[in-house]
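For my numbering, count along the sequence shown from 1 and bump the result up by 20.
Worksheet: one structure, shown below.
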Amino acid sequence: MRSIFVVLLLAAVVQTQFNFHGMSRSFFSTDEEFPTQLQNFEGRTQTEIRTLKEKVEKLEKLIEGLQSILMKEWNQTESGSKYRLFEERKNWDNAEKHCQGFGAHLAIIDNEAKNTFVTNLINSSETSDFAWIGMKTKTTTQTSTPFTNFDSESPIDGCAVMDSKGVWAIRSCIQLRPFVCQIIRNDVNI
Numbered sequence: 021m022r023s024i025f026v027v028l029l030l031a032a033v034v035q036t037q038f039n040f041h042g043m044s045r046s047f048f049s050t051d052e053e054f055p056t057q058l059q060n061f062e063g064r065t066q067t068e069i070r071t072l073k074e075k076v077e078k079l080e081k082l083i084e085g086l087q088s089i090l091m092k093e094w095n096q097t098e099s100g101s102k103y104r105l106f107e108e109r110k111n112w113d114n115a116e117k118h119c120q121g122f123g124a125h126l127a128i129i130d131n132e133a134k135n136t137f138v139t140n141l142i143n144s145s146e147t148s149d150f151a152w153i154g155m156k157t158k159t160t161t162q163t164s165t166p167f168t169n170f171d172s173e174s175p176i177d178g179c180a181v182m183d184s185k186g187v188w189a190i191r192s193c194i195q196l197r198p199f200v201c202q203i204i205r206n207d208v209n210i
């Protein structure tokens, strides 16, 4: 009986040593391979980073080209502001959102020169309708403007439109109208 116990104990020890030797071998083999695996990982990572940088550069060039194409449709003043008349009809809020998609806002007319510029823009288009500009009982920039050119019959509540003569009027903001967007600074990207 004692010999059976010794044989079983010996078998258990041999099995344990075999398992430990196999485990330690795989651990040591991993430890020995770790620097190589790390270098391979670093190499793959650097390659992926270079590939991503190249893709970003290509996308930036594509965006720059698209911006250039889009900006050809905008009219620039001497001060650097850019304007564009959109003949597609929208209510005032949706027109403002459309302008924001270009990094712009509905046109803020705060002097006679801007009024004349936008009037000429409206006259150069096929629209003979009123076009939305950037006023809603007060300007969208949250500042008051010292210059106004409203007709004498405009209601007080609503949104501002400009006609082909450069005269402003207040109309219901839910009406669908063409609109004029303005990029105020020339360093704003669309």
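Each residue gets a CB set at the ideal place from its N, CA and C atoms; glycine is no exception.
Source: prediction; values computed, not measured.
Residue nearest to W112 within the set L79, W152, F106 is W152 (criterion: CA-CA distance). The C-beta of F106 has 16 or more other C-beta atoms within 10 Å across all chains shown, which makes the residue buried. As DSSP reads the structure, V200 sits in a beta bridge with L105. Closest by C-alpha distance to V187, out of S144, T136, G178, K110, is T136. Minimum Cα-Cα distance from G100 among the listed residues T147, K134, L196 corresponds to K134.
Remark: C-beta atoms of L196 and K110 approach each other more closely than 8 angstroms. Rounded to the nearest whole angstrom, the C-alpha separation of M155 and F122 is 19 angstroms.
Bounds of the beta strand (DSSP E) holding W188 are 188-191.
Taking the C-beta atoms as reference points, T139 is found nearer than 8 angstroms to M182.
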